[in-house]
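S.K.: To start, I am sharing the structure in question, which I have written as structure tokens.
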Ligand code: FES
């Protein structure tokens, strides 16, 4: 039973070590048993506050000092280095502080916290709502990854075929949405996962911190709204477009939830692909996309992509544009790809989610150590 008043609890003094040694670093993360401490030497004074951030547990002692404030290394929340109070305006977002005493030439800490942790209520991000398919007909999101100058748009062969596929879906009674990554303002992934798997959050850390970032539209379509995702990309130097990869890196947070929490955000949804390029490497491009979208949890219809390439020696791109525009075969191929995707989606929509049987799926089949 926790003591009702931390300040009245029995002291548990513990020797942290020689003062001279502990003064060497302005900020350090220490562990005493299961207690994590962020110890500071700032302005000629020691300070000890919890080493676990209120947000999602970032190791505060591994962060940085901004004046008298410890800055969390994960998403930059700040706490006063001696009081544990949140930064000005957010004082009530506080973490425990610990009493310190210098005895002889050693620094001692009372592991019974002098203050308690307190959290301000935070409105959950809209994307954090439960993943429950809303009733209604099949919904299809097309994602065009083509890069172009919006002031002077050009003809995109992959987007043209994607639009043909979406038109077919609309004619079949589905709701459709076209998302052009080139129209969205969104930041590159800034590597929260590279700090710690737990620093990569759902919803994406950037999405939660930056309300101007527009990748929430893609997250909403993939996780919540759509039953079918169709992704179109040109081939650029044997790979998908740079915007495709910019989006893919930001989708790490979706896959990471399966890895660290067994939380499957995407299931019973279909993905398919349209790939066009003046030159080649269709299989390489699609192979990457199939692997990646498979890791996210998507399922694929039989023959999950269509592609068009005029071959290694083709540099006459004007003719390529004309060929795609005039090709009834390619347009029909895009429509048939959509039809295969819709058929699978219709079968899946009424299927009971299979979370339990796929929770450790994919390349992370083993438990993390
Ligand atoms: S700001 Fe500390 S864990 Fe996110």
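In our numbering, the protein residues as written are 95 to 463. Ideal Cβ positions, reconstructed from N, Cα and C, are used throughout, including at glycine.
(1) Between 327, 349 and 141, which has its C-alpha nearest residue 361's C-alpha?
(2) Excluding the five sequence neighbours on either side, which residues of its own chain have a C-beta within less than 6 angstroms of the C-beta of residue 95, listed in chain order?
(3) Of the residues 442, 268, 124 and 244, which one's Cα is nearest the Cα of residue 363?
(4) Residues bridged to residue 173 by DSSP?
(5) Rounded to the nearest angstrom, what separates residue 159 and residue 291 at their Cα positions?
(6) Between which two residues does the alpha helix (DSSP H) harbouring residue 329 extend?
(7) When DSSP builds the beta bridges, which residues end up paired with residue 365?
(8) In whole angstroms, what is the alpha-carbon distance linking residue 359 and residue 226?
(9) Straight-line CA distance for residue 136 to residue 205?
(10) Who are the Cβ neighbours of residue 346 in its own chain at under 8 angstroms, not counting the five residues just before and after it?
(11) Does the beta carbon of residue 283 fall short of 6 angstroms from some heavy atom of the ligand FES?
(12) In this structure, what does DSSP give as the bridge partners for residue 236?
(13) Rounded to the nearest angstrom, what separates residue 273 and residue 376 at their Cα positions?
(14) Among 186, 429, 264 and 407, which has the Cα closest to the Cα of residue 397?
(15) Is it true that the CB of residue 122 sits closer than 7 angstroms to the CB of residue 155?
(16) Does at least one heavy atom of the ligand FES sit under 6 angstroms from the Cβ of residue 171?
(17) Return yes when at least one heavy atom of the ligand FES lies under 6 angstroms from the C-beta of residue 216, else no.
(18) Taking contact to mean at least 3 C-beta pairs separated by less than 8 angstroms, is the segment 302-318 in contact with the segment 175-187?
(19) 7 angstroms is my cut-off, CB to CB: does residue 119 come that close to chain D?
M.R.: Short version:
(1) It is 349 whose Cα lies nearest to the Cα of residue 361.
(2) The pLDDT assigned to residue 95 is 35, lower than 50, so where the model puts this residue is not dependable, and the model offers no usable value.
(3) That would be 442, whose Cα lies nearest to the Cα of residue 363.
(4) Beta-bridge pairing links residue 173 to 164 and 180.
(5) So the two alpha carbons sit approximately 23 angstroms from each other.
(6) For residue 329, no alpha helix (DSSP H) encloses it, and the DSSP letter there is neither H nor E.
(7) The partner list for residue 365 (beta bridge, DSSP) reads 323.
(8) Straight-line Cα distance between these residues: approximately 10 angstroms.
(9) Taking the straight line from one Cα to the other gives about 21 angstroms.
(10) The answer, listed in chain order, is 283, 287 and 294.
(11) Shortest gap from the CB of residue 283 to any heavy atom of the ligand FES: 6 angstroms or more.
(12) The secondary-structure analysis by DSSP pairs residue 236 across a beta bridge with 272 and 324.
(13) In this structure, the alpha-carbon of residue 273 lies about 23 angstroms from that of residue 376.
(14) That would be 429, whose Cα lies nearest to the Cα of residue 397.
(15) The answer is yes: Cβ separation under 7 angstroms.
(16) With a cut-off of 6 angstroms, the C-beta of residue 171 is classified as near the ligand FES, since at least one heavy atom of the ligand falls inside that distance.
(17) Placement of the Cβ of residue 216 at a distance of 6 angstroms or more from every heavy atom of the ligand FES is found.
(18) With contact defined as three or more Cβ pairs closer than 8 angstroms, the segment 302-318 and the segment 175-187 are not in contact.
(19) Note that chain D does not occur in the displayed structure, where there is just one protein chain.
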